[in-house]
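J.: Below are the structure tokens for one structure; questions will follow.
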Amino acid sequence: MSIFQIITLLIVISALFSYINVRFFKLPTTIGLMIMAMIFTLGISISSLFTDVLLNNAVNIIGSIDFKEVLLDVMLSFLLFAGALHTKLPDIKAQRGPILMFATFGVLVSTFLIGTIAYYLLNAMNLPISYLQALLFGALISPTDPIAVLGILKQAGAPKRLETKIVGESLFNDGVGVVIFLTLFQLAASPDADISVSHITLLFVEEVGGGILLGLGLGYVTYWMMKSIDNYETEVMITLAMVMGGYLLASSLHFSGPLAMVIAGLFIGNDTRRQSSMSERTERYVDKFWELLDVLLNAVLFVLIGLEVLILSFEGNYILAGLILIPVALICRYIALSGPIQIFKNKMDFVPKTGLIMTWGGLRGGISIALALSLTDEMNRELIVAITYIIVVFSIIVQGLTVEKVLKWVKGV
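Dropping the structure here:
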């Protein structure tokens, strides 16, 4: 099938599943779409008992989609910019201390905790894996996904300061997590690579620092261009061009594209700059355009996650390892969050059981699967992809459907 035909098919399926969910199931959109996609793939698998035609065609179509390229090189830039554009910068500034600690220190601690435990656990289960490969798994499973849980938090009436921490952390830890993963990936891909602390630190600083500076530059240029005109069609195109061109520029400079998009989105979305660069009409059109694009891409993304099961390999040991590592990932995230919470709890007003809510509400999503799929066969790709998929599915479905109950339990409702 051509690229246009594949895109068309995904959008048609996403729209159909979205309609069925809104009309009948009334589940949170991302969760409902993924569940229906998985049921759809189950139906295709059952149909193979009678004829292999449908299954073979479905496998060929899904197999022809480079999930890593689709998410990391296409979708992620739009999703992170849209999320940052609608995040209130004053809220982020008020919580900047814990958010930055969660997104940096928290991700690093989580990476090494999960990676170390996975290394010993998987080898004990006769699933050989090197320590560096285990750390790659720790890095790709540590970032959380703000998209799936944001609507649930609002629906449950989560306190604003808690919602800001979870969403703010997720926006930044996506970028940081990708940088850590790519740094480890370079080391794993080159046996003779320099693994000194100074070299690793330099790679990290280059990706993160370059991404932040590029994001500020892109944000300012876009703000200046929008301020100098008053034409909503052109201004919408300018934001679209900034995201696409900026992400491409970041990739060519080896800077963190995700961090650049987050910073640019926060810069342009700031209330003060909105008022000075956009008319009310322009602001309305820019917001609606990015909201619609965000919803559409998320629908396609979670349908893709559900359909991806068709081409994955699930051996008995892989499934068992994935199920065992679910609580490991949750416990390690709780521990990683505990340090920053202890540091800031006397300086800031924290919601009771913040660590517990952020642990259960920090859902893993498409980024983890995309990073896992980017691994080479020499990096234990098949094992890591299977385990990652099991953890992500549990996270989105089980945690996503119960986080509201956890919130209500904490609030004593």
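Following the numbering used here, the numbering of the sequence shown begins with 711 at its first residue and continues without gaps.
Even glycine gets a Cβ: it sits at the ideal position worked out from N, Cα and C.
Quick test of the definition: if touching needs 3 or more C-beta pairs under 8 angstroms, does the stretch 1106 to 1117 touch the stretch 1069 to 1078?
T.: Result yes; three or more Cβ-Cβ pairs closer than 8 angstroms.
J.: So for D981, helix, strand or coil by DSSP?
T.: Taking the first residue of the sequence shown as position 1, residue 981 is located at position 271. DSSP places D981 in helix when its eight states are reduced to three.
J.: Less than 8 angstroms between CB atoms is the rule here; does T893 satisfy it with respect to chain C?
T.: In summary, chain C is missing from the structure at hand, where a single protein chain is found.
J.: Out of curiosity, what's the CA-to-CA distance linking Y1163 and S852?
T.: No statement about residue 1163 is possible, as the shown extent of the chain runs from 711 to 1123 and does not include it.
J.: Select from I1015, G975, E1018 and F1012 the residue whose C-alpha is nearest the C-alpha of L790.
T.: Translated into the one-based positions of the sequence shown, residue 790 becomes position 80. Minimum Cα distance to L790 is reached at G975.
J.: Can you tell me where the alpha helix (DSSP H) holding E990 begins and where it ends?
T.: Walking along the sequence shown from the start, residue 990 turns up at place 280. Looking at the DSSP string, the run of the alpha helix (DSSP H) that includes E990 is E990 to L1017.
J.: Suppose you measure from the CA of K1118 to the CA of V1061; what does that come to, to the nearest Å?
T.: Along the sequence shown, read from residue 1 onward, the residue named residue 1118 stands at position 408. Along the sequence shown, read from residue 1 onward, the residue named residue 1061 stands at position 351. Cα to Cα, K1118 sits roughly 13 angstroms from V1061.
J.: Report the rounded CA-to-CA distance for F735 versus F760, giving the unit in angstroms.
T.: Reading the sequence shown from its first residue, position 25 is the one you call residue 735. Reading the sequence shown from its first residue, position 50 is the one you call residue 760. The alpha-carbon atoms of F735 and F760 are separated by roughly 29 angstroms.
J.: Please list, in chain order, all residues of the same chain as Q1109 whose beta carbon is under 7 angstroms from its beta carbon, the five residues on each side excluded.
T.: Stepping through the sequence shown from its first residue, residue 1109 is reached at position 399. Excluding residues within five positions, the ones whose Cβ falls inside 7 angstroms are W1070 and L1073.
J.: Give me the Cα-Cα distance between H796 and L969, rounded to the nearest whole angstrom.
T.: By 1-based counting over the sequence shown, the position of residue 796 is 86. By 1-based counting over the sequence shown, the position of residue 969 is 259. The alpha-carbon atoms of H796 and L969 are separated by roughly 16 angstroms.
J.: How many Å lie between F999 and L842 at the Cα?
T.: What you label residue 999 is simply residue 289 of the sequence shown in a count that begins at 1. What you label residue 842 is simply residue 132 of the sequence shown in a count that begins at 1. When rounded, the distance between both Cα atoms is 42 angstroms.
J.: My output table needs one value for I879: the three-state DSSP class, helix, strand or coil.
T.: Taking the first residue of the sequence shown as 1, we reach residue 879 at position 169. Before going further, note that residue 879 is Glu rather than Ile in the sequence given. DSSP places E879 in helix when its eight states are reduced to three.
J.: Span of the alpha helix (DSSP H) holding K803?
T.: Locating residue 803 in the sequence shown gives position 93, where the first residue counts as 1. K803 -> alpha helix (DSSP H) spans L799 to A804.
J.: Hey, quick one: how far does the alpha helix (DSSP H) through A828 stretch, first residue to last?
T.: If you number the sequence shown from 1, residue 828 lands on position 118. That run of the alpha helix (DSSP H) goes V817 to A834.
J.: For V817, count neighbouring Cβ atoms within 10 angstroms of its own Cβ and tell me buried if that reaches 16, exposed if not.
T.: Your numbering for residue 817 matches position 107 in the sequence shown. Flag for V817 reads buried.
J.: Below 8 angstroms CB to CB, which residues in the same chain sit around E993 once its five sequence neighbours on both sides are set aside?
T.: Position 283 of the sequence shown, counted from the start, is the residue given in the question as residue 993. If we look at E993 and ignore the five residues flanking it on each side, its Cβ neighbours are R984.
J.: Should H909 be counted as a contact of the ligand SAH given a C-beta to heavy atom distance under 7 angstroms?
T.: For the ligand SAH, the structure offers nothing, since it holds no ligand at all.
J.: To the nearest angstrom, report how far apart L926 and G919 are at their CA atoms.
T.: Position 216 of the sequence shown, counting from 1, holds the residue named residue 926. Position 209 of the sequence shown, counting from 1, holds the residue named residue 919. Between L926 and G919, the C-alpha separation is close to 11 angstroms.
J.: If you pair each beta-carbon of the stretch 745 to 755 with each one of the stretch 1021 to 1032, do three or more pairs fall below 8 angstroms?
T.: In short, these stretches do not touch, since the Cβ pair count stays below three.
J.: Would you report the Cα separation of V1095 and I1079, rounded to the nearest angstrom?
T.: Here residue 1095 refers to the residue found at position 385 of the sequence shown. Here residue 1079 refers to the residue found at position 369 of the sequence shown. Computed Cα separation, rounded: 7 angstroms.
J.: L850 and G825 - do their beta-carbons sit closer together than 8 angstroms?
T.: Within the sequence shown, numbered from 1, the residue matching residue 825 stands at position 115. Within the sequence shown, numbered from 1, the residue matching residue 850 stands at position 140. It is not a contact, given that the beta carbons lie outside the stated cut-off.
J.: Let me know if F714 comes out buried or exposed under the rule of 16 or more other beta-carbons within 10 Å of its beta-carbon.
T.: As a first step, residue 714 must be located in the sequence shown, where it is residue number 4. So F714 ends up on the exposed side.
J.: Would you mind sorting K875 into buried or exposed? The rule is 16 or more other CB atoms within 10 Å of its CB.
T.: Here residue 875 is taken as the residue at index 165 of the sequence shown, counted from 1. K875 should be labelled buried.
J.: Would you mind giving the Cβ-Cβ distance between V1103 and S724, rounded to the nearest angstrom? I have them listed as a contact below 8 angstroms.
T.: For the purposes of this step, residue 1103 is taken as the residue at position 393 of the sequence shown. For the purposes of this step, residue 724 is taken as the residue at position 14 of the sequence shown. Actually they do not touch by this definition, with Cβ atoms about 18 angstroms apart.
J.: Taking just the CA atoms, how far does L1002 sit from L1093?
T.: For this step, residue 1093 is matched to residue 383 along the sequence shown. For this step, residue 1002 is matched to residue 292 along the sequence shown. If I take the Cα positions, the gap works out to 36 angstroms.
J.: Count the CB pairs spanning the stretch 871 to 890 and the stretch 951 to 970 that are closer than 8 angstroms, and state whether there are at least three.
T.: Yes, since at least three Cβ pairs between the stretch 871 to 890 and the stretch 951 to 970 fall closer than 8 angstroms, the two stretches touch.
J.: Taking the Cβ atom as the reference point for each residue, do I1100 and G1032 lie within a distance shorter than 8 angstroms?
T.: As a position in the sequence shown, residue 1100 is number 390, starting the count at 1. As a position in the sequence shown, residue 1032 is number 322, starting the count at 1. Going by C-beta atoms, I1100 is nearer than 8 angstroms to G1032.
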